[in-house]
Structures are given as C-alpha cells and as structure tokens.
Amino acid sequence: MQITKPHAVLLASPGMGHLIPVLELGKRLVTHQDFHVTVFVVAVDVSGENISKLLDSSSEHLDVLMLPTVDISGIVDPDENFVIKIVVTMHESLSAIRSAICGMKIRPTALIVDLFGTEAMAIADELEMLKYVFIASNAWFLAATIYGPAVDKKVLDDEHINQKKPLKIPGCTPIRFEDTLEAFLDPNDPLYHGYLSVGRVIPTADGILVNTWEDLESKTLRALKDDKLLGCVARTTVYPIGPLARAVEAVAENQVLEWLDMQPTESVIYVSFGSGGTLPSKQMMELAWGLEQSQQRFIWVVRPPLENDVSGSFLTVGNGPVGTVDYLPNGFMNRTHNVGLVVPMWAPQAQILEHPSVGAFLSHCGWNSTLESIVSGVPMIAWPLYAEQKMNATMLTEEIGMSVRSRELPTERIVEREEIEMMVRRVMVMDKERHAMKNKVKELKNSALKASSKGGSSYNSLSQLTKDCENRFQCLKVKAEG
Ligand code: UDP
1 MQITKPHAVL
11 LASPGMGHLI
21 PVLELGKRLV
31 THQDFHVTVF
41 VVAVDVSGEN
51 ISKLLDSSSE
61 HLDVLMLPTV
71 DISGIVDPDE
81 NFVIKIVVTM
91 HESLSAIRSA
101 ICGMKIRPTA
111 LIVDLFGTEA
121 MAIADELEML
131 KYVFIASNAW
141 FLAATIYGPA
151 VDKKVLDDEH
161 INQKKPLKIP
171 GCTPIRFEDT
181 LEAFLDPNDP
191 LYHGYLSVGR
201 VIPTADGILV
211 NTWEDLESKT
221 LRALKDDKLL
231 GCVARTTVYP
241 IGPLARAVEA
251 VAENQVLEWL
261 DMQPTESVIY
271 VSFGSGGTLP
281 SKQMMELAWG
291 LEQSQQRFIW
301 VVRPPLENDV
311 SGSFLTVGNG
321 PVGTVDYLPN
331 GFMNRTHNVG
341 LVVPMWAPQA
351 QILEHPSVGA
361 FLSHCGWNST
371 LESIVSGVPM
381 IAWPLYAEQK
391 MNATMLTEEI
401 GMSVRSRELP
411 TERIVEREEI
421 EMMVRRVMVM
431 DKERHAMKNK
441 VKELKNSALK
451 ASSKGGSSYN
461 SLSQLTKDCE
471 NRFQCLKVKA
481 EG
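Take the sequence shown: its letter number 357 is residue 357 in UniProt numbering, and every next letter is one higher.
Printed below as a string of structure tokens:
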C-alpha cells in the first residue's frame, strides 16, 4: 500500500495498563490528525481474551502488530518484580523492532515509545526517524522522572530518601517522601539506576507527549517550559495531549452492564485496582466487610489475594483462567447478592464508569483509571498501591478535591472495615462533601472535553506535533524522489 500521509510507529510495552493508552494515542492520531499509525505490541503472553480483543483494534489507518514474543525465562527469575521483566522483554525485543521497521515499504516518519521503550530511540536515530516519548501518566510524574537524575545526588539520596524530606522540584508541588516514586526508594537497587537513566534519556527525544491537559496541571506544565525552572532539564518540547481516556465502545450482552441497567441512578460504587492491583487476604476480607457494612450497592472486580505483591497481576491479568472466588468472607456472596456484583479478574471498566447508575469509584489511582473517572464525572476513593499512584492519590485528594482516602496508606497498614464503610458513605451519600467532589469532577470533565475538542489546548498541542512530523515526511519524500 502507498502511504500518502505521515506514518508513526507506536511501541507499547507489556501490560494492559501500557497497551491501552498507546492504542488510544494511535486512534487519536488517526482520527484527529490524519496520521497512518502502526502499533507494535510487545507482550509477555497474548493468550487472554481481553488482550486479543485489543489486538483486534486495527482499522483503515491503524495497524496493530504483535512482535514475536521473546523468551526471558533464562534471563529473569520467574518471581522477579514485573518492572524488571518488562525492561528485559523490551531489551530482548529490540532486534525484532528494528527488523519490523526496516521491513516496511516506506520508512515511517516517527517512532513514539512509552516509558519502557526508550532504548528503541536509538533505532529511530539510525533510521532517520523522529523520536518521541509518550508518558501515559501526568506532568507531575514526568517532572519527577526527569528531575531525579538532574538533582544533586545528596539531595535525592540523603535528604529525600534517608532523611525523608520532601523532594522539591522547581516550580512544582514537592513530593512527600511517603508518596515518592517506588524507583527512588533504594539507591542500591538496579531499578533505581535504571530509572535515573531513563529520566536522562527522555529529554533527548524530539518531544515528550504527556497524558494531561493545561487546565489540570497548569503549574507543572508551566515549570516544564520555563528555562529558569524545569525547562533546562526537559530540554525538548513537552506536548500535553490528554486526556486520552478510553473511548466507550458498545459491549455486546454484558452481564455487569445489564445489572447496572436495573440499579437506581448513581447508586453503585465500582471497586477495581486496575490491571495489576492485588491485595493481601486480610485486606480483601476487610474490604468485603466494609462494603457490606456500608449498605451501598457495589461492583467489585476481584483477584486472588497475594500477600506481598500489590502489583502482582500486572503482566498476567489479561491471560489465564478466571478461577473460583473462594477467598471472600463466608456467606458474603449470599448476603450481598441483592446489592452487589463480584466480577472475577476483569470488567469493562470504561463502560461501567460511564453508566448513569455508577456514583463513585474505589480505585488504585492508576492514571488511566483516574482519567476514565474524570471523563465520566465520577468521584473517587483513592487507594494507591504502586508506581506513581501515591502521587496521583495526593493530587486527586489534596489538590483537586475529587476523592477521599484512608488516614494511612493502604500499603503501610491494613485499612479496617469501619474506615472503609465510612469512606464509601462519604463518597456515595449525597451531602455537602459528596456534592463538592461531584462538582469538582464535573468541572474537570468539562475542561477535559474542551481541551481535546477542535481548537482546545490538547488538540492544538497534538496538531503542533503533527506539523513537525509532516515537515519531516515532506523532507523524506523529496529525498526519496530526488
Ligand atoms: N481495566 C479494565 N477492566 C478491569 C481492570 C482494568 O478495563 O477490570 C482497564 C482500565 O479501564 C484502564 C486500565 O485497564 O484503562 C488500567 O490502567 P491504569 O493506568 O488505571 O492502571 P494499571 O493497570 O496500569 O496499574
């Protein structure tokens, strides 16, 4: 096929939480910006129903291609942290990425990688393509990631990590030690050094796309542009292009949605910990009791408990059997069957949050989930578990005011049933507090819509990126013809 428009290759690292936003970016580039897009999917396992549905997203100008799966079993211990598994899988996939690009009839104009794909930017250099990094999270997270390696080591290691002082980032809200990125926690961990090198490489891209918008994070975005603040660290153009939240597509005959159709308006709390979140068994029990005692309707996406790994299902959730739910309190299912629905492993989240019967979302605060809640106008209970989720929870609760959260972090202490019951009531029962959260989130929903619509700040930002790619496309065309 003759490609007559700019062509971007997007690289998605393993995990549904990574693939979903990259696909959304691909769709946005095709529908709003007239790009041709190829998404390369790097996956650990593609046998699951959910992932194969996503791989079916190809359309006229969007090709979704699976790269050959690589066997990392001889390199990485099966019990290793999922981040290490992703990093190694991406590294081992580099030659397949290079061959796939070289095998294309017309060289793509740009390579857009996610946070775990920065090593592939060398391929873009070699093949004279533009290279961009897509941060599927917010600008505050981006600021912390690129500022980490730039800050004096004494400040990061001694003051922030050892003395637990907040990390001051020029022009941004400081990060409290309790909220800091997991990767910063241990200077002796290879992850710490790996993460700092990624933070160093990101600014070498031709641009950084970030899944946020001006009205949501104006202060941080200003700091990223200002050379007297973070501009000299970012060094490249930052394009706020969000929110890229998942488009709500029709789902054929889904039991959960049919159940929601029968519930009163805003009467159901949706409980889910994203694609990776898992809780220890005692916490699962307390959550079950808290939901039951709150006497509110609920939908709860459950996973078998894990004792010491809150991100335990990140690479496996789309795959494998659902199993039986035998880890909840005795009789819980019977006692709650009129008011609650327990869904094993995976539910159509974007559709659920958009449903008028949903009144609140108890979430691990993954950025995709957060954006889906915002664009659906749904207030939250912030229950952060890993990665940058503690920063997100603080932003949502303390800066924005669209969520409540437990007194102590759920990763530090089991949150007990009474506190859960209280949080569910605060976010579900219509009083001044819920009213304020609801208003706040509605305001954000409107500003999100405006930013992504034609002429809005994120729309314009993506158009600017397109212009840069078009210029490069024309240069390549002239070169090829001459
Ligand atoms: N998701 C879903 N059904 C589930 C759990 C998650 O559709 O049962 C989707 C959710 O809508 C979101 C993504 O998976 O788009 C999770 O991304 P997020 O950034 O919230 O968290 P992560 O999984 O990366 O920790």
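From the three backbone atoms N, C-alpha and C, an ideal C-beta is built for every residue, glycine too.
My output table needs one value for residue i: the three-state DSSP class, helix, strand or coil.
i	result
residue 320	Note that residue 320 scores 49 on pLDDT, short of 50, meaning its location in the model is unreliable and no value can be drawn from it.
residue 222	helix
residue 340	strand
residue 489	Within the shown structure, residues of the chain are numbered from 1 to 482, placing residue 489 beyond reach of any answer.
residue 479	helix
residue 297	strand
residue 38	strand
residue 205	coil
residue 44	coil
residue 269	strand
residue 20	helix
residue 345	coil
residue 113	strand
residue 66	strand
residue 228	coil
residue 100	helix
residue 363	strand
Is the beta carbon of residue i within less than 6 angstroms of some heavy atom of ligand 2?
i	result
residue 346	Summarising the ligand content, the structure contains ligand 1 and does not contain ligand 2.
Taking residue i and residue j to be in contact with their CB atoms under 8 angstroms, please state how far apart those CB atoms are, rounded to whole angstroms.
i	j	result
residue 238	residue 221	7 angstroms
residue 423	residue 381	5 angstroms
residue 16	residue 72	At roughly 19 angstroms, the Cβ-Cβ gap does not stay under 8 angstroms, so residue 16 and residue 72 are not in contact.
residue 421	residue 294	5 angstroms
residue 301	residue 343	5 angstroms
residue 400	residue 243	13 angstroms between Cβ atoms; not a contact.
residue 465	residue 28	Actually they do not touch by this definition, with Cβ atoms about 11 angstroms apart.
residue 351	residue 427	Going by Cβ atoms, the distance from residue 351 to residue 427 rounds to 21 angstroms, so no, they are not a contact pair.
residue 403	residue 415	Going by Cβ atoms, the distance from residue 403 to residue 415 rounds to 14 angstroms, so no, they are not a contact pair.
residue 310	residue 385	4 angstroms
residue 372	residue 250	That pair is no contact at about 17 angstroms.
Are the C-beta atoms of residue i and some chain B residue less than 7 angstroms apart?
i	result
residue 249	Note that chain B does not occur in the displayed structure, where there is just one protein chain.
Taking the alpha-carbon of residue i as reference, which of the options has the nearest alpha-carbon?
i	options	result
residue 7	110, 52, 335 and 338	110
residue 209	403, 26, 421 and 413	26
residue 120	187, 157 and 42	42
residue 20	31, 30, 39 and 278	39
residue 472	79, 439, 206 and 399	206
residue 349	167, 89, 273 and 449	273
residue 313	243, 275, 325 and 289	275
residue 130	481, 467, 482 and 480	467
residue 228	248, 187 and 170	170
residue 68	94, 85 and 74	94
residue 199	142, 190 and 100	142
residue 126	102, 412 and 185	102
residue 390	429, 128 and 181	181
residue 115	387, 408 and 100	387
residue 107	118, 87, 128 and 92	128
residue 179	441, 408 and 13	408
residue 335	298, 364 and 367	298
residue 60	70, 77 and 37	37
residue 410	442, 308 and 202	308
### Task
Report yes or no: do three or more beta-carbon pairs, one from the stretch 207-221 and one from the stretch 448-460, lie closer than 8 angstroms?
yes
### Query
Are at least three pairs of beta-carbons, each pair with one atom in the stretch 143-153 and one in the stretch 358-369, less than 8 angstroms apart?
no
#### Entry: the stretch 474-481 contacting the stretch 258-278, beta-carbon criterion three pairs below 8 angstroms
no
#### Entry: Stretch-stretch touch, CB-based, cutoff 8 angstroms, three pairs: the stretch 172-182 with the stretch 383-403
yes
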